[in-house]
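Asks: Dumping the structure here so I can ask a few things about it.
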Amino acid sequence: MEKLMCLANIRRLTGLEHTGWVIGEAGCWSMLKGGMVVNVSGPVGLYFESNDASADLLVDSISIQPFSQEEWKSHQDQSIDKKLSTFPIGNAMCPHILNLPDYQDWHNSRFKLTVFENEMKWHINEPTPDNEDYSIADVMLKFAKKNNIVVRGHNIIWENPRWLPSWILNLSRTELSAAIDKRFNSIMKR
Numbered sequence: 001m002e003k004l005m006c007l008a009n010i011r012r013l014t015g016l017e018h019t020g021w022v023i024g025e026a027g028c029w030s031m032l033k034g035g036m037v038v039n040v041s042g043p044v045g046l047y048f049e050s051n052d053a054s055a056d057l058l059v060d061s062i063s064i065q066p067f068s069q070e071e072w073k074s075h076q077d078q079s080i081d082k083k084l085s086t087f088p089i090g091n092a093m094c095p096h097i098l099n100l101p102d103y104q105d106w107h108n109s110r111f112k113l114t115v116f117e118n119e120m121k122w123h124i125n126e127p128t129p130d131n132e133d134y135s136i137a138d139v140m141l142k143f144a145k146k147n148n149i150v151v152r153g154h155n156i157i158w159e160n161p162r163w164l165p166s167w168i169l170n171l172s173r174t175e176l177s178a179a180i181d182k183r184f185n186s187i188m189k190r
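Under the UniProt record's numbering, the residues of the sequence shown are numbered 1 to 190, in order.
Set out below in structure tokens:
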């Protein structure tokens, strides 16, 4: 049997609200956890559904517990902290970070993955033919390396002319091929 997607839904007078999901397998129990904010009182129904209408779903030990806003926030913070330790979460970085210590502290305390906003895009690095300028990108790369931040690169070449240097739009096929090779070799060294 393939894996089974199981959803938990609450039906209220206002409609159906998705509250949790789990991917289960045949022959074993799977814990389904979820949450919702209820701003009204009244009758509700708990419904389970799956992507396989022929599957038998067995439910045991249902628990519905109220949480205060503080408890909910604490749970969110714990979940985020746990994810941060196992799942890289990044943020775009702009050159202002180089001169703003508060921005550096904020960014470095939260993120270990980044992408530069524009500093590695071709139209920024080579606005005119044979006039490459990676000075800002190189300083940002040095900053990221010093702070153990992984940098994800941008597209090396965009298909949208808006993000290409205007000078390449009139190149012959041979000239364009040479310009693209030069771009690859130039940026990939960084």
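Think of the CB as a built atom: it goes at the ideal place given N, C-alpha and C, for glycine as much as any other residue.
The model shown is predicted, which means the values in this text are computed figures rather than measured ones.
(1) To the nearest angstrom, how far is the alpha carbon of residue 243 from that of Ile89?
(2) In the region 90–147, which residue ranges form an unbroken beta strand (DSSP E) of at least 3 residues, counting only runs that do not cross its ends?
(3) Specify the secondary structure class of Ala178 as computed by DSSP and reduced to three states.
(4) What's the gap between the Cα of Gln78 and the Cα of Arg110?
(5) With C-beta atoms as the reference, is Asn108 less than 9 Å away from Phe48?
(6) Taking the beta strand (DSSP E) that Cys6 falls in, what are its first and last residues?
(7) Assuming the contact rule is C-beta atoms closer than 8 Å, Pro165 and Ile136 should be a hit. Round their C-beta distance to whole Å, please.
(8) Of the choices Asp138, Asn148, Leu113 and Phe184, whose alpha-carbon is the least far from that of Glu119?
(9) Between Ser30 and Glu70, what straight-line distance do the alpha-carbon atoms span, to the nearest angstrom?
(10) Can you name the residues that DSSP bridges to Glu17?
(11) Alpha carbons only, please: which of Met93, Ile168 and Pro129 is nearest the one belonging to Gly153?
(12) How would you write the range of the beta strand (DSSP E) that Phe67 sits in, first residue to last?
(13) Straight-line CA distance for Ala53 to Val44?
(14) With DSSP as the reference, please indicate the residues paired to Gly45 in a beta bridge.
(15) Between Gly42, Trp158, Leu4 and Thr114, which lies nearest to Thr14 when the distance is taken from Cα to Cα?
(16) Beta-carbon within less than 7 Å of Leu141's beta-carbon, same chain only, minus the 5 sequence neighbours each way: which residues are those?
(17) Can you look up Ser79 in the DSSP assignment and give me helix, strand or coil?
(18) Answer yes or no: do residue 191 and Pro127 have a C-beta to C-beta separation smaller than 9 Å?
Replies: On the basis of the supplied data:
(1) The structure shown has nothing for residue 243, since the chain only spans 1 to 190.
(2) 90–93 and 113–116
(3) helix
(4) 14 Å
(5) The answer is no: Cβ separation not under 9 Å.
(6) Leu4 to Arg12
(7) In this structure Pro165 does not touch Ile136 by the C-beta definition: roughly 16 Å separates them, more than the 8 Å allowed.
(8) Asp138
(9) Approximately 28 Å between the Cα atoms of the pair.
(10) Ile10
(11) Met93
(12) That residue, Phe67, is in no beta strand (DSSP E); it is neither H nor E in DSSP.
(13) 23 Å
(14) Arg11
(15) Gly42
(16) Val151 and Arg190
(17) helix
(18) Outside the shown range of the chain, which is 1 to 190, sits residue 191, and nothing can be said about it.
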